[in-house]
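Notes follow the structure.
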Amino acid sequence: MGDAIIMGLSSSGPAQTIAVSLAGLVAVSGYGGIIPILICFVPMLGIAVAYQRLNRWDQSSGATYTWVAKVFHPYLGFLSGWMILLYYTLGTTTLTIPAGVYTLQLFAPSQVDNHLAVFALGALWNLLVTALAIAGLKIVARFEWVIVVFEYVVLMLVAAVAGIALLNGATAAKFSWQWFSWTGMGQMKGLMGGILIACFMYSGWDAAIYVNEETVDRANNPGKAALASVVMLALVYSLTTLAFQSVLSPADLQSHAGNALSAVGLKLLHPPWDSVMALAVLTGTLATLQSAVVSATRMGVAMSRDRVMPQFFQRLTVKGASPWAATLTMSALNLLLLALALGTASIASALANAASSLGLISLVFYGITAAAAVWQQRRTFSDSLSNSLLGGVLPAVGVVFSIWVLIESIHSGAVTDAVLCYGIGSIGIGALVALFLHRVKAVNFFVTEDNARSGEAQ
Numbered sequence: 229m230g231d232a233i234i235m236g237l238s239s240s241g242p243a244q245t246i247a248v249s250l251a252g253l254v255a256v257s258g259y260g261g262i263i264p265i266l267i268c269f270v271p272m273l274g275i276a277v278a279y280q281r282l283n284r285w286d287q288s289s290g291a292t293y294t295w296v297a298k299v300f301h302p303y304l305g306f307l308s309g310w311m312i313l314l315y316y317t318l319g320t321t322t323l324t325i326p327a328g329v330y331t332l333q334l335f336a337p338s339q340v341d342n343h344l345a346v347f348a349l350g351a352l353w354n355l356l357v358t359a360l361a362i363a364g365l366k367i368v369a370r371f372e373w374v375i376v377v378f379e380y381v382v383l384m385l386v387a388a389v390a391g392i393a394l395l396n397g398a399t400a401a402k403f404s405w406q407w408f409s410w411t412g413m414g415q416m417k418g419l420m421g422g423i424l425i426a427c428f429m430y431s432g433w434d435a436a437i438y439v440n441e442e443t444v445d446r447a448n449n450p451g452k453a454a455l456a457s458v459v460m461l462a463l464v465y466s467l468t469t470l471a472f473q474s475v476l477s478p479a480d481l482q483s484h485a486g487n488a489l490s491a492v493g494l495k496l497l498h499p500p501w502d503s504v505m506a507l508a509v510l511t512g513t514l515a516t517l518q519s520a521v522v523s524a525t526r527m528g529v530a531m532s533r534d535r536v537m538p539q540f541f542q543r544l545t546v547k548g549a550s551p552w553a554a555t556l557t558m559s560a561l562n563l564l565l566l567a568l569a570l571g572t573a574s575i576a577s578a579l580a581n582a583a584s585s586l587g588l589i590s591l592v593f594y595g596i597t598a599a600a601a602v603w604q605q606r607r608t609f610s611d612s613l614s615n616s617l618l619g620g621v622l623p624a625v626g627v628v629f630s631i632w633v634l635i636e637s638i639h640s641g642a643v644t645d646a647v648l649c650y651g652i653g654s655i656g657i658g659a660l661v662a663l664f665l666h667r668v669k670a671v672n673f674f675v676t677e678d679n680a681r682s683g684e685a686q
């Protein structure tokens, strides 16, 4: 279970996540970013409970894709799997950019703004984690244990230094309770923008679920790991966001949108200790990238078994049973998206749009999963108070929260046209792919699972 927890913690990766989202969080919610983070905690916990209960019912690396297809409808299941694949492939772009940036920050600071150099180093790291993923899941777990422990220790120690500076008035912005007021957060638009980014920050804790077929006690350990990850992430994100957000001015944060924590480290620490933060973010980014590649390939293999993804995704290595073909495909997609992102005029803009889009996409598939858990468990609610609360109320909170955030973020203008284009547009493309597979290719998944599996509670 320790390995499973490490997978969840590394997938969310607080160091690299804060590095790419802190500037955006301050831009939309001011210094009240901790409020959206805390608001997201309860529904995220409810959604994690939904994952835990569904995983007890059916252990499949397809997770949401498989569960939703069985409980609701194959089309919705396919779209859920499509969104998760999109989440991890697009998400790797927000990982490889900081990987390149922080490597340059450590070894060639003058080249940090060189897009070609960022691409070359990001691509090199991508190839390295791809090789490790092909080598086998046990090797991946050992690699991530070392990095995650180092990342979290450094992050919390530097956050303590930043907290002391904040208390002593030595930060760019002096502490004020006004930060957490309605106007201080930018009212509804600021709150919703912050919640979208907070959803992106939390997302990834479900990585332990996608390796359930390769986990000891696969019915229980992945679900426990998901719950533990959400609780730990809530604590870490609350403390670090409060500590780091005011170290630099908003303008400085925006100018260092891709390497915010490195700039914070330079402000707080003296040489050579200022490089420790950059090293923690770099190594944490690699662990998160590794976890994203592993999760995407397991989802790809599960969908391939149903013939809704290419059949060659199921090709495995002989020794480690790793899906090498799917891993190489995801790696190639990552390189393509990395090149497209770095081809934009502003890395900050690309990262902000990607973070909000990923937050939007994760809200949709998390909400669908929670709804599937409520429906699948519905006949057990009368068995005990525990079943009604854990199987019904908490996941239902996640469903309602997801719907509310989606509607209100659009209504308040917190979601830009670019984010809607990335998020909703990509889901629409998935629907067209499903129609093509069903109507043109006549894939059995859309026929045999339609009404054949009712998702009755067991």
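Mapping of the sequence shown onto this note's numbering: residues 229 to 686, in sequence order. Beta carbons: idealized from backbone N, C-alpha and C, even for Gly.
- Item | Separation of Cys649 from Leu463, as counted between CA atoms | 32 Å
- Opening and closing residue of the alpha helix (DSSP H) in which Leu424 lies: Gln415 to Tyr430
- Buried versus exposed, by CB contacts within 10 Å (16 or more), Arg446: By the Cβ-count criterion, Arg446 is buried, with 16 or more other Cβ atoms from all chains shown falling within 10 Å of its own Cβ.
- Buried/exposed call for Gln415, threshold 16 Cβ in 10 Å: It is exposed - the Cβ of Gln415 has fewer than 16 other Cβ atoms within 10 Å.
- Message: Taking 8 Å as the threshold (C-beta atoms), are Gly432 and Ser240 in contact?
- Response: yes
- Ranges of the alpha helix (DSSP H) found wholly within the region 313 to 363, counting only runs of at least 4: 321 to 335 and 343 to 363
- Message: Please give me, in chain order, every unbroken run of the beta strand (DSSP E) with length at least 3 that falls completely inside the region 435 to 512.
- Response: none
- Task: Measure from the alpha carbon of Ile233 to the alpha carbon of each residue in Arg535, Lys452, Asn396 and Cys427, then state which is nearest.
- Result: Lys452
- Query: Looking at C-beta atoms only, is the number of pairs between the region 249 to 258 and the region 517 to 532 that lie closer than 8 Å three or more?
  - Reply: no
- How is the alpha helix (DSSP H) around Tyr279 delimited, first residue to last? It spans Ile262 to Trp285 - the alpha helix (DSSP H) in which Tyr279 sits, taken as one unbroken run.
- Message: Helix, strand or coil, according to DSSP, for Ala400 in the structure here?
- Response: coil
- Task: Pick out whichever of Ser457, Leu461 and Asp434 has its Cα sitting closest to the Cα of Leu266.
- Result: Leu461
- Message: As a quick exercise: from Thr399, Tyr430 and Leu588, pick the residue whose alpha carbon is nearest that of Val653.
- Response: First, the amino acid is wrong: residue 653 is Gly here, not Val. It is Leu588 whose Cα lies nearest to the Cα of Gly653.
- Give the C-beta separation of Phe472 and Leu586 to the nearest angstrom, bearing in mind that I take them to be a contact with Cβ-Cβ under 8 Å. About 21 Å separates the two Cβ atoms, so there is no contact after all.
- Give a yes or no on contact between the region 494 to 511 and the region 336 to 349, applying the rule of three or more CB pairs nearer than 8 Å. Flag = no, the region 494 to 511 and the region 336 to 349 do not touch.
- Is DSSP giving Asp645 helix, strand or coil here? helix
- Cα-Cα, which of Phe306, Ile275, Phe300 and Val270 is closest to Ala662? Phe306
- Coarse secondary structure for His666, derived from DSSP in three states: helix
- Apply the 10 Å Cβ neighbour rule to Val602 and answer buried if 16 or more other Cβ atoms are within range, or exposed otherwise. buried
- So, helix, strand or coil for Met537, using DSSP? Assigned with DSSP and collapsed to three states, Met537 falls in coil, not helix or strand.
- Query: How would you label Gln686, buried or exposed, when you count the other beta carbons within 10 angstroms and need 16 or more for buried?
  - Reply: Its pLDDT being 46, under 50, Gln686 is placed unreliably by the model, and nothing is read from it.
- Limits of the alpha helix (DSSP H) - the one that Pro242 falls within: Pro242 to Ser257
- Item | Reduced DSSP category for Val374 - H, G, I as helix; E, B as strand; rest coil | helix
- Query: What are the start and end residues of the alpha helix (DSSP H) that includes Thr294?
  - Reply: Thr292 to Val299
- State the Cα-Cα distance for the pair Val374 and Gly528, rounded to the nearest angstrom. 27 Å
- What number of angstroms, rounded off, separates the C-alpha of Thr597 from the C-alpha of Ala454? 14 Å
- State buried or exposed for Arg526, treating a residue as buried only when at least 16 other CB atoms are found within 10 Å of its CB. buried
- Query: Short check: CB of Met272 to CB of Ala435, under 8 Å?
  - Reply: no
- Message: Please classify Val376 as buried or exposed, where buried requires at least 16 neighbouring CB atoms within 10 angstroms.
- Response: buried
- Message: DSSP three-state label for Gln542, please.
- Response: Judged by DSSP in its simplified three-state form, Gln542 adopts helix.
- Message: The alpha helix (DSSP H) that contains Leu623, what's its start and end?
- Response: The sequence given here has Pro at residue 623, not Leu. Unbroken alpha helix (DSSP H) run through Pro623: Leu622 to His639.
- Query: Buried or exposed: Val444, going by 16 or more other Cβ atoms within 10 Å of its Cβ?
  - Reply: With fewer than 16 Cβ atoms within 10 Å of its Cβ, Val444 is classed as exposed.
- Enumerate in chain order the residues of its own chain whose CB-to-CB distance from Lys669 is below 6 Å, with the five nearest sequence positions on each side excluded. none
- Within 10 angstroms of the Cβ of Gln539, are there 16 or more other Cβ atoms? Answer buried if so, exposed if not. exposed
- Item | Distance between Leu314 and Ile425 (C-alpha atoms, nearest Å) | Between Ile425 and Leu314, the C-alpha separation is close to 17 Å.
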